[in-house]
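The structure appears below as structure tokens.
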Amino acid sequence: MQNPLTTRDKLAIERTHLANERTFLAYTRTAIVLFASAIGIIKIDFFAQIEGLGFILGCLSPIFLIIGIVRFIQVKQKIKKMY
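Below, the structure is given as structure tokens:
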């Protein structure tokens, strides 16, 4: 028979869920900032010499978002599996 979870254990699980969500939001925030920076660099004429950097940042933005989503799902499944 498995021991029931104590309040401390339940709170630890909840903290783990919140940490996972916080990490996902950090990936999302990074993707948004990269995309906004890319648009700014591409649209502002002052940055014409580094326009290529804007396109690189624009390509990196969805990659960061996809990595964040994949990691969020993987960690969420591990948490469910463990508890």
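Heads up, my numbering is the position in the sequence shown plus 275, with the first residue counted as 1. No residue lacks a Cβ here, since even glycine has one placed at the ideal position from N, Cα and C.
query = So, is Leu309 buried or exposed, given that buried needs 16 or more other C-beta atoms within 10 angstroms?
reply = Classification for Leu309: buried.
query = How long is the line joining the alpha carbons of Leu335 and Lys285, rounded to whole angstroms?
reply = 37 Å
key: Ile341 burial status per 10 Å Cβ neighbour count (16 or more: buried)   = exposed
task = Taking 8 Å as the cut-off, decide whether the C-beta atoms of Ala306 and Gly329 are in contact.
result = Taking a C-beta distance under 8 Å as the contact criterion, Ala306 and Gly329 do not qualify as a contact pair.
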